[in-house]
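**Student:** Protein chains in written order, with numbering that gives the first Met the number 0: chain P, 0 to 254; chain E, 0 to 480.
The following block contains the structure, expressed as structure tokens.
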Amino acid sequence: MNELLKIRDLHAVVDGKEILKGINLDVHAGEIHAIMGPNGAGKSTLSAVLTGRENFTVTRGEVTFKGKNLLEMPPEDRAREGIFLSFQYPVEIPGVSTVNFLKTAVNEHRKYRGQPPYPPGEFLKMIREKMEWVDIDSKLLNRSLNEGFSGGEKKKNEIFQMAVLEPTLAILDETDSGLDIDALRVVANGVNRLKAPGNAIIVITHYQRLLEHVVPDVVHVLHDGRVVKTAGKELALELEKQGYDHVKRLLAGEN
Amino acid sequence: MDKNQDNILDEFTRGEYKHGFVSDVETETIGKGLNEEVVRLISRKKEEPEWLLEFRLNAYRHWLTMKMPAWAKLDIPPINYQEIIYYAAPKQAGKRSWEEVDPELKATFDKLGIPLDEQKILSGVAVDAVMDSVSVKTTFKETLAERGIIFSSFSEAVKEHPDLIRRYLGTVVPYTDNYFAALNSAVFSDGSFVYIPRGVRCPMELSTYFRINAAKTGQFERTLIVADEESHVSYLEGCTAPRRDENQLHAAIVEIIVERDAEVKYSTVQNWYPGDKEGKGGIYNFVTKRGICRGERARLTWMQVETGSAITWKYPGTILKGDHSVSEFYSVAVTNHHQQADTGTKMIHIGNNTRSRVVSKGISAGQSSNTYRGLVKVAKECRDARNHSQCDSLLLGDRCGAHTFPRVDVANPSARVEHEATTSKIGEDQLFYCNQRGISTEDAVGLIIKGYAGDVISKMPMEFAVEAQKLLQISLEGSVG
């Protein structure tokens with residue numbers, strides 16, 4: 000199988016404190032991985048390090064994406080290489096409509112691949128197609144990016160952007176938090192439509208409920224900056240039933 | 000974050016002021032310093048009538064009794080008015096025939112993107128080009144004259160239309176108005192005069208381009224625009240200056256008279272040399288701009304993009320005298336490095352049912368200080384006045400400052416006055432979000448600024464909006480980390 004992401008012994012520090020303490024992870028094309036774990040386990044730090052957020056320092060280890068050294072790339076190049084992050088807290092940009100924002104983004108991706116900018120007509124056609132994926136209102140897309148959007152609308156907008164940018168690796172950081180069951184279904188539907196043999200998805204979540212709709216091939220439990228357990232989808236259910244304390248106890252026992 | 004910000008700020012210094020060159024033009028100047036004899040000399044050089052000399056002398060004598068205003072949130076180093084040259088004229092300016100004009104002068108304006116050769120001009124814009132103390136060339140004068148429109152340098156207008164000048168000069172900004180208005184009234188050199196006759200719609204944009212070239216010289220121009228009843232004109236003003244280590248003083252006056260059912264749109268792109276990144280050099284821009292909506296339903300719109308000058312002190316305002324008259328003010332003011340701006344608008348409601356709208360967008364970067372100071376005044380006899388003001392400040396980085404001093408003075412209870420204000424920061428979060436979508440930090444700043452200033456830029460005349468957009472991008476290039 001085609002290896003997309005390879006993480007080896009990844010250590011990362013924020014404000015002098017080590018948060019990631021040696022992560023190992025392999026993600027292949029066509030896979031859906033779930034990363035679960037209690038608060039403070041390092042889940043969001045992992046997504047931040049992978050996408051190049053600057054307030055984290057990698058102190059050890061390596062990450063390759065499609066065989067390239069990911070850690071050497073600036074964040075925008077990681078995005079253009081095909082890594083997409085669905086933000087836990089999407090930001091607002093007043094005065095810039097989602098459509099305009101996406102047009103800029105899409106054309107930057109195209110430029111990176113040596114393609115000319117989208118002809119405006121075709122861009123709008125593509126946008127209209129992708130709107131159906133997440134059942135998003137066109138009025139919303141003409142409003143300032145995320146400004147005054149409800150929590151659910153913001154998350155839908157993240158998934159919509161993902162649909163438009165068609166990433167090779169999508170990382171969903173707590174995309175399910177704060178969603179009602181209908182919004183959750185819409186989001187899951189969008190994610191499932193992205194799934195293809197050539198790309199992969201990492202779902203970072205606290206709970207099992209999104210995983211009922213987006214079924215993972217592999218589930219990892221992250222605890223104290225390490226992957227402490229990796230198994231099939233049944234692990235998510237087990238965690239839901241027994242809680243993370245159970246994991247912690249198990250680990251304490253092992254030590 | 001800090002380290003990165005320094006890098007980016009370093010980068011910014013590469014985004015240099017694009018108009019900082021000096022032209023090698025033969026220039027006639029008088030000695031430095033100011034006294035009654037200098038005022039007389041300027042008037043003599045311009046062959047002015049006695050009444051205008053009287054006006055200048057009165058202004059000068061009044062100025063002597065005044066002190067420089069100190070209320071603004073500006074740190075202004077002491078100015079030695081005796082060290083300034085009050086008159087500098089490129090020797091071959093104002094030649095009747097375009098062929099006789101010094102090629103270097105032509106080249107200067109070409110370089111600034113202001114072609115003065117009418118045959119080369121494609122867009123429908125008539126230009127009055129002013130360098131230092133005199134007007135170099137006014138284009139399309141004859142074409143406009145066919146419709147009775149007067150568009151000429153101020154000096155020419157004094158000679159050719161003395162009655163109009165005498166009737167309107169100092170009626171909106173009297174020389175007693177403030178310190179810099181008094182100074183300008185004493186020593187003003189050139190500028191533009193516009194008169195649109197009754198019922199005429201000016202067929203092209205009128206524009207004055209001000210250029211400071213000579214060293215150690217002050218620029219004191221005067222613009223007078225009169226829109227007679229039911230007329231319409233759109234006027235644009237642009238300014239640049241060479242890059243120099245010493246500061247130069249610019250103290251202008253703009254007076255606009257809008258009669259019944261007439262409309263004036265006045266746009267400014269102010270890009271005087273702002274000084275270097277350490278705050279050395281740059282123009283002191285102390286300007287008084289005011290218009291009056293004299294008749295019913297008169298309409299005056301101010302639009303400005305301000306990116307230049309080391310220090311700006313400027314409050315374009317409108318006196319809404321005619322019933323149902325309307326004034327709008329749209330402004331984007333950018334400060335970077337050590338620039339200081341204390342600027343805003345005054346809306347004075349006198350007529351009944353008068354309306355005003357203020358949209359001010361301040362952007363501060365570097366270690367600059369950007370202050371909005373506004374006045375909305377509703378007179379006692381004024382019924383049903385309406386004002387809406389919106390003042391937004393955007394901060395880039397954490398060493399700059401933004402301040403808002405809105406003053407509202409309402410003497411009639413029927414008035415409806417609203418004021419909204421916001422302060423925001425281009426956050427690391429916003430930039431990272433853009434980065435994560437494949438947009439570089441540089442482009443992200445451009446995008447965010449565009450979104451922020453969009454509702455002002457969109458009000459501007461097309462060619463201007465494009466220039467303004469570019470200017471904003473250059474002024475703020477890489478100023479965020």
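Just so you know, even glycine gets a beta-carbon here, dropped at the ideal spot from N, CA and C.
Do you know whose CA, among Ala185/E, Gly147/E, Asp176/E and Pro68/E, lies nearest Asn34/E's CA?
**Tutor:** Answer by Cα proximity: Ala185/E.
**Student:** Within the same chain, show all residues whose beta-carbon is closer than 7 angstroms to that of Gln366/E, passing over the 5 residues directly before and after it, in chain order.
**Tutor:** Once the five neighbours on either side are set aside, the close Cβ partners of Gln366/E are His336, His337, Arg398 and Cys399.
**Student:** Hey, quick one: how far does the beta strand (DSSP E) through Ser368/E stretch, first residue to last?
**Tutor:** Ser368 to Val377 is the span of the beta strand (DSSP E), which, as asked, contains Ser368/E.
**Student:** Straight-line CA distance for Arg298/E to Trp132/P?
**Tutor:** Going by the C-alpha atoms only, they are around 49 angstroms apart.
**Student:** Going by DSSP in three states, Phe192/E sits in which element: helix, strand or coil?
**Tutor:** Three-state result, Phe192/E: strand.
**Student:** For chain P, is any of its Cβ atoms less than 8 angstroms away from the one on Ser154/E?
**Tutor:** Judged by the 8 angstroms Cβ criterion, Ser154/E is not in contact with chain P.
**Student:** Over the uninterrupted beta strand (DSSP E) stretch that includes Thr440/E, give me the two end residues.
**Tutor:** Unbroken run through Thr440/E is the alpha helix (DSSP H), Thr440 to Ile456; no beta strand (DSSP E).
**Student:** By the criterion of Cβ-Cβ separation under 8 angstroms, what are the contact partners of Gly502/E in chain P?
**Tutor:** There is simply no residue 502/E to check, as chain E begins at 0 and stops at 480 in what is shown.
**Student:** Could you name the residues of chain E that Arg112/P contacts, counting a contact when the two beta carbons are closer than 9 angstroms?
**Tutor:** Result: empty, since nearest Cβ-Cβ is about 11 angstroms, beyond 9 angstroms.
**Student:** Do you know offhand how far Val218/P's Cα is from Glu91/P's?
**Tutor:** Spanning the two alpha carbons is a distance of roughly 32 angstroms.
**Student:** Just to confirm my understanding: we take Thr167/P, look at its own chain, exclude 5 residues before and 5 after, and list those with CB closer than 6 angstroms. What are they?
**Tutor:** Excluding positions up to five away in sequence, the list reads Gly81 and Asn198.
**Student:** Would Gln481/E count as contacting chain P if we go by Cβ distances under 8 angstroms?
**Tutor:** What is shown of chain E runs 0 to 480, which leaves residue 481/E out entirely.
**Student:** Drop a sphere of 10 angstroms on the beta-carbon of Trp50/E, count the other beta-carbons inside from all chains shown, and report buried for 16 or more, exposed for fewer.
**Tutor:** That one is exposed.
**Student:** Quick one: residues in its chain with C-beta nearer than 7 angstroms to the C-beta of Asp227/E, no 5 flanking neighbours on either side, listed in chain order?
**Tutor:** Ile195, Pro196, Arg197, Glu258 and Ala261.
**Student:** Rounded to the nearest angstrom, how far is the Cβ of Gly94/P from that of Ser143/P, given a contact under 8 angstroms?
**Tutor:** The Cβ separation is near 6 angstroms, so the contact holds.
**Student:** Grouping DSSP H, G and I as helix and E and B as strand, with all else coil, what is Ser154/E?
**Tutor:** DSSP places Ser154/E in helix when its eight states are reduced to three.
**Student:** Tell me which residues share the same chain as Lys379/E and place their Cβ nearer than 6 angstroms to its Cβ, disregarding the 5 neighbours each side in the sequence.
**Tutor:** Within the same chain, Lys379/E has close Cβ partners Ala410 and Asn411.
**Student:** What residues from chain E crowd round Glu165/P, counting only those whose CB sits closer than 7 angstroms?
**Tutor:** Chain E residues near Glu165/P: none, gap ~12 angstroms exceeds 7 angstroms.
**Student:** Using only the alpha-carbon positions, how far apart do Asn54/P and Val13/P sit?
**Tutor:** Near 7 angstroms, if we compare the C-alpha coordinates of Val13/P and Asn54/P.
**Student:** Taking its Cβ as the centre, do 16 or more other Cβ atoms sit within 10 Å of Ile224/E, making it buried, or is it exposed?
**Tutor:** Classification for Ile224/E: buried.
**Student:** Leaving out the 5 sequence neighbours to the left and right, which residues in its chain are closer than 6 angstroms to Arg208/P when beta-carbon positions are compared?
**Tutor:** If we look at Arg208/P and ignore the five residues flanking it on each side, it has no Cβ neighbours.
**Student:** Please confirm whether Thr207/E and Val286/E have their CB atoms less than 8 angstroms apart.
**Tutor:** Taking 8 angstroms as the Cβ cut-off, Thr207/E and Val286/E do not qualify as a contacting pair.
**Student:** Apart from the five residues just before and just after Thr311/E, which ones in its own chain have a Cβ nearer than 6 angstroms to its Cβ?
**Tutor:** Only Asn284, Ala340 and Thr342 meet the Cβ criterion.
**Student:** Decide if the region 108-123 of chain P is in contact with the region 56-63 of chain P; the criterion is three or more beta carbon pairs, one per stretch, under 8 angstroms apart.
**Tutor:** Contact between the region 108-123 of chain P and the region 56-63 of chain P is absent, because fewer than three Cβ pairs lie under 8 angstroms.
**Student:** Taking Cβ positions only, does Gly453/E come closer than 8 angstroms to chain P?
**Tutor:** Gly453/E counts as touching chain P.
**Student:** Can the beta-carbon of Met65/E be found less than 8 angstroms from the beta-carbon of Tyr178/E?
**Tutor:** Cβ distance < 8 angstroms, so Met65/E and Tyr178/E count as in contact.
**Student:** Would you grab the beta carbon distance between Ile200/P and Leu164/P for me? Rounded to a whole angstrom, and I think it's under 8 angstroms.
**Tutor:** About 13 angstroms separates the two Cβ atoms, so there is no contact after all.
**Student:** Can Ser330/E and Trp271/E be called in contact, C-beta distance under 8 angstroms?
**Tutor:** The answer is no: Cβ separation not under 8 angstroms.
**Student:** What residues in the region 55-81 of chain P have a beta carbon less than 7 angstroms from any beta carbon of chain E?
**Tutor:** Within the region 55-81 of chain P, the residues whose Cβ lies closer than 7 angstroms to some Cβ of chain E are Pro74, Glu75, Ala78 and Arg79, listed in chain order.
**Student:** Using 10 angstroms around the beta-carbon of Lys124/P, count the other beta-carbons present and answer buried if the total reaches 16, otherwise exposed.
**Tutor:** Exposed, by the Cβ-count rule.
**Student:** Could you compute how far the alpha carbon of Val172/E sits from the alpha carbon of Arg109/P?
**Tutor:** Whole-angstrom Cα-Cα distance: 55 angstroms.
**Student:** Give me the DSSP bridge partner(s) of Arg59/P.
**Tutor:** Answer is His10/P.
**Student:** Quick one: give me the first and last residue of the alpha helix (DSSP H) that Ile161/P is part of.
**Tutor:** Note on identity: in this sequence residue 161/P is Met, with Ile being the wrong assignment. It spans Gly150 to Leu164 - the alpha helix (DSSP H) in which Met161/P sits, taken as one unbroken run.
**Student:** Label Leu149/P either buried or exposed according to how many other C-beta atoms from any shown protein chain fall within 10 Å of its C-beta, with 16 as the threshold for buried.
**Tutor:** First, the residue type needs correcting, since residue 149/P is Ser and not Leu in the sequence shown. Its Cβ having fewer than 16 others within 10 Å, Ser149/P is exposed.
**Student:** Any idea what DSSP makes of Arg436/E, helix, strand or coil?
**Tutor:** Note: Arg436/E maps to coil in three-state DSSP.
**Student:** Just to make sure I have the definition right: I need the residues of chain P whose C-beta is within less than 8 angstroms of the C-beta of Asn434/E. Which are they?
**Tutor:** By Cβ distance, chain P contributes Gly51, Pro73, Pro74, Glu75 and Ala78.
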